[in-house]
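Q: Letter 290 of the sequence shown, counting from 1, is numbered 290 in full-length UniProt numbering, and no numbers are missing.
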Amino acid sequence: MDGDPPRSDTAPVSRRRYLRERRAREEAESLLDQKSRELFVANSALREQAATLEDQVRARTAELTRATAAAERANAAKTAFLAMISHEIRTPLNGVLGMAEALNDTGLELAQKDMLDVMTASGQALLSIVNDILDLTKIEAEQMEIEEIAFNLHELLEGVCRLHALKAEEKGLSFERSLEFGSDRRVVSDPTRMRQVISNLVSNAVKFTLRGSVRLEARVLSSAEACARLEVRVSDTGPGVPADKRDRLFQPFSQTDASITRRHGGTGLGLWIARRICALMAGDLVFDSPPEGGAVFVASFRLAAADAPETTGLLGPREAEAVLRARPWRVLAAEDNKTNRLVLHHLLKPYPLELTMVGNGAEAVAEGRGGGFDLMLMDVNMPVMGGLEAVALIRAHEAETGRARCPVIALTANAMTHQVEEYLRRGIDGHVAKPVKREVLVQRMADLLRAGGAAG
Numbered sequence: 001m002d003g004d005p006p007r008s009d010t011a012p013v014s015r016r017r018y019l020r021e022r023r024a025r026e027e028a029e030s031l032l033d034q035k036s037r038e039l040f041v042a043n044s045a046l047r048e049q050a051a052t053l054e055d056q057v058r059a060r061t062a063e064l065t066r067a068t069a070a071a072e073r074a075n076a077a078k079t080a081f082l083a084m085i086s087h088e089i090r091t092p093l094n095g096v097l098g099m100a101e102a103l104n105d106t107g108l109e110l111a112q113k114d115m116l117d118v119m120t121a122s123g124q125a126l127l128s129i130v131n132d133i134l135d136l137t138k139i140e141a142e143q144m145e146i147e148e149i150a151f152n153l154h155e156l157l158e159g160v161c162r163l164h165a166l167k168a169e170e171k172g173l174s175f176e177r178s179l180e181f182g183s184d185r186r187v188v189s190d191p192t193r194m195r196q197v198i199s200n201l202v203s204n205a206v207k208f209t210l211r212g213s214v215r216l217e218a219r220v221l222s223s224a225e226a227c228a229r230l231e232v233r234v235s236d237t238g239p240g241v242p243a244d245k246r247d248r249l250f251q252p253f254s255q256t257d258a259s260i261t262r263r264h265g266g267t268g269l270g271l272w273i274a275r276r277i278c279a280l281m282a283g284d285l286v287f288d289s290p291p292e293g294g295a296v297f298v299a300s301f302r303l304a305a306a307d308a309p310e311t312t313g314l315l316g317p318r319e320a321e322a323v324l325r326a327r328p329w330r331v332l333a334a335e336d337n338k339t340n341r342l343v344l345h346h347l348l349k350p351y352p353l354e355l356t357m358v359g360n361g362a363e364a365v366a367e368g369r370g371g372g373f374d375l376m377l378m379d380v381n382m383p384v385m386g387g388l389e390a391v392a393l394i395r396a397h398e399a400e401t402g403r404a405r406c407p408v409i410a411l412t413a414n415a416m417t418h419q420v421e422e423y424l425r426r427g428i429d430g431h432v433a434k435p436v437k438r439e440v441l442v443q444r445m446a447d448l449l450r451a452g453g454a455a456g
């Protein structure tokens, strides 16, 4: 009808828009609620996982701590065991090898000397095994130290050659040497470790060569840094090393043929130890197999100073002998073992020493406080009072009275690195391990007697 108001078409549109917006809002709220719940669940799971991970980390840490502690205990037990085994083997060996060395000075018949040589070689073989195991322990623990001592290089190498030339001669082998430097050539390095490496190489060459020859060549190579390098080449005409076995040469407890162990014995540690020593001395040990056969080992060592003064370092064997024969030095020896006392008496018998023997540390303190001794030889493990305690009391008495310090050598079957270091910290001046070799003992005694005489 004409009087009705006009109808608007905008109302339905607005309502539809409103409904769409409300629906969209509800969907958004529903989605937000869903996502919030999912996030809550995820966070809860994450917290649980974090807690579980923390528990696992704590458990693993505790397990690792226990394992580390167990490993440290095992390592300490191993060290203590090796120290004990070393001591217990060295003590009887001191009697065997010491008396054998003394017996060799008594003018034996040929057959008797042959038997003595077998006994000595067997004892030295056992000692070599003990030393190899100790060296292995030192290297693994990174406790092998290299000394810097001035010495006559020509004399050291000649000594090695003389020893093994006799063994080569017994097998009908020719032993050749070539030392490309003068007899007065002095260098600074570690003579003990150098001798050990070179002796091992020459000993192997003589051992495995059935016919032909063994040759040692040595030369000193100078460098621009005013240092020098010793190169020692040991070659033989033996069977050599098969190509498929050469990669095992420098592995520990390894020998190229199992029959070698049966025929010659040994631990299979010699070359591995030798190469490690060369590396510690800034050198190397390499192998070569020449086309004509045989084997060639070349060892190199860094020499800290090629022109060392004559007055420094340890005395040579002849110089040491001269010092001990120079006058009747007064020497106090503390040793509880009767066999070891007998060995020491015979080893020092050729020298004009005034040797006083006591059986324990307390007796050593009583004698030492009286003064007048030029040198003391002290066992460490003794009844009543040990050697270290005795030295501490002697040092205290010297400090109280102003008396000159008397040098003390630890003469003991304890030879582990940590043991020797402890002795030097606690007032000992030198160390000689049992079984005692006369040459080593005489050299150490002479070096300290000379130093004491110079100081006085």
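Glycine included, every Cβ here is placed at the ideal spot set by N, Cα and C.
The beta strand (DSSP E) spanning Gly-430 covers which residue range?
A: What you label residue 430 is simply residue 430 of the sequence shown in a count that begins at 1. Gly-430 -> beta strand (DSSP E) spans 430-433.
Q: Determine the direct distance from the alpha carbon of His-346 to that of Arg-395, and round the result to whole angstroms.
A: To locate residue 395, count along the sequence shown from 1; it is residue 395. To locate residue 346, count along the sequence shown from 1; it is residue 346. Whole-angstrom Cα-Cα distance: 29 Å.
Q: Work out the CA separation of Leu-377 and Gly-452 for me, nearest whole Å.
A: Translated into the one-based positions of the sequence shown, residue 452 becomes position 452. Translated into the one-based positions of the sequence shown, residue 377 becomes position 377. If you take the alpha carbons of Gly-452 and Leu-377, they lie about 15 Å apart.
Q: Roughly how many angstroms lie between the CA atoms of Arg-47 and Val-41, to the nearest whole one?
A: Within the sequence shown, numbered from 1, the residue matching residue 47 stands at position 47. Within the sequence shown, numbered from 1, the residue matching residue 41 stands at position 41. When rounded, the separation of the alpha-carbon atoms in Arg-47 and Val-41 is 10 Å.
Q: Let's see if you can read the secondary structure: which residues bound the beta strand (DSSP E) around Asn-152?
A: In the sequence shown, counting from the first residue as 1, residue 152 sits at position 152. 149-152 is the extent of the beta strand (DSSP E) around Asn-152.
Q: Which value, in whole angstroms, describes the spacing of the CA atoms of Glu-344 and Arg-275?
A: Along the sequence shown, read from residue 1 onward, the residue named residue 344 stands at position 344. Along the sequence shown, read from residue 1 onward, the residue named residue 275 stands at position 275. Checking the sequence shown, residue 344 turns out to be Leu, not Glu. Approximately 35 Å, taken between the alpha carbons.
Q: Taking Leu-163 as the reference, which of Phe-175, Leu-153, Asn-152 has the closest Cα?
A: Counting from one through the sequence shown, the residue named residue 163 turns up at place 163. Comparing Cα-Cα distances from Leu-163 to each of Phe-175, Leu-153, Asn-152, the minimum goes to Phe-175.
Q: Any contact of the stretch 294-301 with the stretch 347-365, i.e. 3+ C-beta pairs under 8 Å?
A: Touching, no, given that fewer than three Cβ pairs across the two stretches are closer than 8 Å.
Q: Ile-409 lies in the beta strand (DSSP E); which residues open and close that run?
A: Locating residue 409 in the sequence shown gives position 409, where the first residue counts as 1. First-last of the beta strand (DSSP E) with Ile-409: 408-412.
Q: Quick check: what's the CA-CA separation for Thr-237 versus Lys-171?
A: For the purposes of this step, residue 237 is taken as the residue at position 237 of the sequence shown. For the purposes of this step, residue 171 is taken as the residue at position 171 of the sequence shown. Going from the Cα of Thr-237 to the Cα of Lys-171 covers about 13 Å.
Q: For the putative contact between Ala-410 and Leu-315, defined by C-beta atoms under 8 Å, what is the C-beta separation to the nearest angstrom?
A: Within the sequence shown, residue 410 is the residue found at index 410, counting from 1. Within the sequence shown, residue 315 is the residue found at index 315, counting from 1. The Cβ separation is near 19 Å, so there is no contact.
Q: When you compare the CB positions of Val-241 and Ile-198, do they come within less than 8 Å of one another, or not?
A: For the purposes of this step, residue 241 is taken as the residue at position 241 of the sequence shown. For the purposes of this step, residue 198 is taken as the residue at position 198 of the sequence shown. Result no, Cβ atoms of Val-241 and Ile-198 do not sit closer than 8 Å.
Q: Could you check the C-alpha separation between Leu-103 and Arg-341 for me, to the nearest Å?
A: Stepping through the sequence shown from its first residue, residue 103 is reached at position 103. Stepping through the sequence shown from its first residue, residue 341 is reached at position 341. About 15 Å.
Q: Measuring only the C-alpha atoms, how far is Ser-14 from Arg-22?
A: In the sequence shown, the residue the question calls residue 14 occupies position 14. In the sequence shown, the residue the question calls residue 22 occupies position 22. Going from the Cα of Ser-14 to the Cα of Arg-22 covers about 12 Å.
Q: Flag this pair as touching only if the stretch 426-435 and the stretch 380-396 have three or more C-beta atom pairs under 8 Å; answer yes or no.
A: yes
Q: So, at 7 Å on beta carbons, what are the nonlocal neighbours of Gln-251 in its own chain, with the 5 sequence-adjacent residues on each side left out?
A: Here residue 251 refers to the residue found at position 251 of the sequence shown. Hits under 7 Å: Trp-272.
Q: Would you list, in sequence order, the uninterrupted alpha helix (DSSP H) runs of no fewer than 4 residues that lie entirely inside the stretch 138-208?
A: Listed in chain order, the complete alpha helix (DSSP H) runs (minimum 4 residues) inside the stretch 138-208 are 153-170, 191-208.
Q: Quick check on Lys-434: buried or exposed, where buried means 16 or more other Cβ atoms within 10 Å of its Cβ?
A: Numbered from its first residue, the sequence shown carries residue 434 at position 434. Around the beta carbon of Lys-434, 16 or more other beta carbons sit within 10 angstroms, so the residue counts as buried.
Q: Ignore the nearest five residues each way along the sequence and tell me which others in Glu-54's own chain have a CB closer than 8 Å to its CB.
A: For this step, residue 54 is matched to residue 54 along the sequence shown. Around Glu-54: no qualifying Cβ.
Q: Within this structure, are the beta carbons of residue 476 and Val-323 separated by less than 8 Å?
A: Limits of the chain in this structure are 1 at one end and 456 at the other, which puts residue 476 out of reach.
Q: Alpha carbon to alpha carbon, what distance is there between Leu-303 and Leu-221?
A: One-based indexing of the sequence shown puts residue 221 at position 221. One-based indexing of the sequence shown puts residue 303 at position 303. One C-alpha to the other measures close to 10 Å.
Q: Return the CA-CA distance between Pro-309 and Val-188, expressed in angstroms with no decimal places.
A: The residue you call residue 309 lines up with position 309 of the sequence shown. The residue you call residue 188 lines up with position 188 of the sequence shown. With a pLDDT of 45 at Pro-309, under the threshold of 50, the modelled position of this residue cannot be trusted; read the value that follows with caution. Their Cα atoms are separated by approximately 10 Å.
Q: So Thr-417 is in the beta strand (DSSP E); what residue range does that whole segment cover?
A: Here the question's residue 417 lines up with position 417 in the sequence shown. Counting along the chain, Thr-417 falls outside any beta strand (DSSP E), though it belongs to the alpha helix (DSSP H) covering 417-425.
Q: Smallest Cα separation from Asp-182: which of His-154, Thr-209, Thr-192?
A: Within the sequence shown, the letter at position 182 stands for residue 182. The amino acid occupying residue 182 in the given sequence is Gly; Asp does not appear at that position. Of the listed residues, the one whose Cα sits closest to Gly-182 is His-154.
Q: From this set, Glu-335, Glu-319, Gly-372, which residue's C-alpha is nearest Pro-328's C-alpha?
A: Position 328 of the sequence shown, counting from 1, holds the residue named residue 328. Closest in C-alpha terms to Pro-328, from the list Glu-335, Glu-319, Gly-372, comes Gly-372.
Q: With distance defined between alpha-carbon atoms, name the residue in Gly-268, Gly-368, Gln-196, Glu-319 nearest to Thr-401.
A: On the sequence shown, position 401 is the one that residue 401 refers to. If we check each option's Cα against that of Thr-401, Gly-368 comes out closest.
Q: Say whether chain C places a C-beta atom closer than 8 Å to the C-beta of Val-440.
A: Of the protein chains in this structure there is only one, and it is not chain C.
Q: Quick one: what does DSSP say Phe-301 is sitting in, helix, strand or coil?
A: Indexing the sequence shown from 1 puts residue 301 at position 301. In this structure, Phe-301 counts as strand in the three-state DSSP scheme.
Q: Looking at Met-144 and Leu-332, is the spacing between their C-beta atoms short of 8 Å?
A: Locating residue 332 in the sequence shown gives position 332, where the first residue counts as 1. Locating residue 144 in the sequence shown gives position 144, where the first residue counts as 1. Contact: no.
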